[in-house]
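Heads up, the thing below is written out as structure tokens.
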Amino acid sequence: MTGGGNDRELAALRARLATLRGAAYWHALEELAERPGAAALLAQEFPRHAAGLLDPVDRRQFLRLMGASLALAGLGACSRAPTEPIVPYVRPPEELVPGKPLFFATALSLGGFATGVLVESHMGRPTKVEGNPDHPASLGATDAFAQASVLTLYDPDRAQTITETGAIRPWGAFLAEVRRIVETEGPRKGAGLRVLTETVTSPTLAGQLRALLATFPAA
Numbered sequence: 001m002t003g004g005g006n007d008r009e010l011a012a013l014r015a016r017l018a019t020l021r022g023a024a025y026w027h028a029l030e031e032l033a034e035r036p037g038a039a040a041l042l043a044q045e046f047p048r049h050a051a052g053l054l055d056p057v058d059r060r061q062f063l064r065l066m067g068a069s070l071a072l073a074g075l076g077a078c079s080r081a082p083t084e085p086i087v088p089y090v091r092p093p094e095e096l097v098p099g100k101p102l103f104f105a106t107a108l109s110l111g112g113f114a115t116g117v118l119v120e121s122h123m124g125r126p127t128k129v130e131g132n133p134d135h136p137a138s139l140g141a142t143d144a145f146a147q148a149s150v151l152t153l154y155d156p157d158r159a160q161t162i163t164e165t166g167a168i169r170p171w172g173a174f175l176a177e178v179r180r181i182v183e184t185e186g187p188r189k190g191a192g193l194r195v196l197t198e199t200v201t202s203p204t205l206a207g208q209l210r211a212l213l214a215t216f217p218a219a
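Sequential numbering from 1 applies to the sequence shown in this note's numbering.
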């Protein structure tokens with residue numbers, strides 16, 4: 001565009017601004033100038049899902065959201081707990097008192113390194129993780145991974161069954177597959193056997209892997 005064209009466009013913008021009253025906002029000068037294709041350009045730069053973040057929430061929308069949240073909270077409160085048998089202690093442990101937490105020291109493994117922590121538990125269920133001040137790796141502090149580690153115990157999406165290529169299989173099918181692999185790889189000394197694991201720091205698991213390699217040295 002030539003210099004004269006720019007001057008004419010700026011003059012048109014100033015004239016349009018002079019006729020406006022009150023607060024007004026634009027995403028770009030193209031929108032203010034009402035150029036052809038400006039709407040499509042803005043739709044690409046500000047998608048539909050992000051448009052709500054740019055506009056203030058009006059009273060009607062606020063009441064609608066609050067009503068929906070209260071309705072969902074009411075539905076959650078009215079759900080029936082699953083039926084479970086309650087078996088009392090014949091001789092309850094002396095240290096286990098309902099409503100009083102217990103603490104035990106343990107270690108969390110992340111990236112092959114252990115961090116000493118103190119875990120708060122209620123009725124045998126871990127509920128809170130804090131750093132162990134006597135452990136040199138934590139010194140009483142924790143990071144976000146340690147704080148969130150307790151959620152892995154209660155994750156509803158964690159694996160609860162054995163699956164093979166997305167299909168749920170029984171435990172007997174897993175044992176049958178293991179026997180088949182042992183019979184197939186035995187003469188080959190495990191040449192076609194591979195085990196995929198994360199970083200192993202457990203002495204028990206490391207010993208099991210050494211025993212496996214002793215049986216299948218070519219694995």
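Glycine included, C-beta positions come from ideal geometry on N, C-alpha and C.
In this text, all values refer to a predicted model and were calculated from it rather than measured experimentally.
Query, Result
"Determine the DSSP secondary structure at E183, reduced to helix, strand or coil.", "helix"
"Taking the Cβ atom as the reference point for each residue, do G140 and V117 lie within a distance shorter than 7 angstroms?", "no"
"Determine the direct distance from the alpha carbon of E183 to that of A219, and round the result to whole angstroms.", "14 angstroms"
"Thinking just about the alpha-carbon of each residue, which of F103, I181 and V129 is nearest to the one in G190?", "I181"
"Roughly how far, in whole angstroms, is the beta-carbon of T106 from the beta-carbon of V119, given that I think they are within contact range, below 8 angstroms?", "6 angstroms"
"So who's on the other strand from P126, going by DSSP bridges?", "S121"
"Kindly indicate which three-state DSSP category G112 falls into: helix, strand or coil?", "coil"
"Quick one: residues in its chain with C-beta nearer than 6 angstroms to the C-beta of R240, no 5 flanking neighbours on either side, listed in chain order?", "Given a span of 1 to 219 for the chain in the structure shown, any question on residue 240 remains unanswerable."
"Let's test the definition: count the other Cβ atoms within 10 Å of the Cβ of S202 and tell me whether it reaches 16, buried, or not, exposed.", "exposed"
"Just to confirm before moving on: does the CB-CB distance between H122 and P101 stay below 7 angstroms?", "yes"
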